[in-house]
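What follows is a single structure, written as structure tokens, with notes after it.
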Amino acid sequence: MRDTTCDLVGIDPDEAKLDQYAQRIRNHVQPYLSGLTFTVLNSADATRRALVVDLPAGPMAPHLVDGTAARAKHQQAAAAPNRYRDHTAWMAEHQLERAYGDRATRAAHSNEALQQLLDHVRQTVTLRHRESSAWSHAPWRCRFNVLQPHSVSC
0 MRDTTCDLVG
10 IDPDEAKLDQ
20 YAQRIRNHVQ
30 PYLSGLTFTV
40 LNSADATRRA
50 LVVDLPAGPM
60 APHLVDGTAA
70 RAKHQQAAAA
80 PNRYRDHTAW
90 MAEHQLERAY
100 GDRATRAAHS
110 NEALQQLLDH
120 VRQTVTLRHR
130 ESSAWSHAPW
140 RCRFNVLQPH
150 SVSC
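First residue of the sequence shown? That's 0 in numbering that gives the first Met the number 0, and the numbers climb one at a time after it.
Shown next as structure tokens:
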């Protein structure tokens, strides 16, 4: 695996097999990447098009990329990419250890925040309704698409 710079040659969006790209990412990146989007961008004069794959930062980082070379598959190799702008570096063991620690911390904070919300809902419902009643609570978080500023998915 290596990070290389290449010339932008463009694509024919009618020939782009987005389902296959998504499947390849699902098959070779663990844990699962949610929020993956594909966007076709056109040049100002509409003579060139580029496919942009947006992989938003997620709470399950770090993600491991399975080796794609025959030797890597035989050895069950995987690497953990670390993106900085347009450059990909591969994490060393100490970086991977810290990234897993950060993931555990994010999960703990998320669980604490959810518990606080549930406690607040429980107290609010208890104070306002003395008689028996049924309530449902569904926490959610919106995610903004960086490539399409007006697009919000919840």
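All residues carry an ideal CB built from backbone N, CA and C; glycine is no exception.
| query | result |
| --- | --- |
| Assigned exposure category for Val64 - 16 Cβ within 10 Å defines buried | buried |
| Ser150 to Leu32 span [Cα, whole Å] | Reliability fails at Ser150, whose pLDDT of 45 lies under 50, so the model's placement of it is uncertain and the value that follows must be treated cautiously. Each residue's Cα considered, the two are about 19 Å apart. |
| Under the three-state DSSP convention, the category Asp65 falls into | strand |
| Assigned secondary structure, Ala106 (DSSP; H/G/I helix, E/B strand, else coil) | helix |
| Residues near Ala77 by beta carbon distance below 7 Å, same chain, minus five either side | Leu63, Val64, Asp65 and Gly66 |
| DSSP beta-bridge partners of Thr123 | DSSP output for Thr123 lists no bridge partner at all. |
| Beta-carbon contacts of Ala60 that lie in its chain and below 8 Å, excluding the five residues immediately before and after | Ala98, Asp101 and Arg102 |
| Residue span of the beta strand (DSSP E) that contains Tyr83, given as start and end | Pro80 to Tyr83 |
| Spatially closest choice to Asn110 from Pro58, Ala15, Pro12 and Asp44, by CA coordinates | Pro58 |
| C-beta contact flag for Tyr20 and Val51 at 8 Å | no |
| Candidates Thr38, Gly34 and Arg84: closest to Asp13 by CA position | Thr38 |
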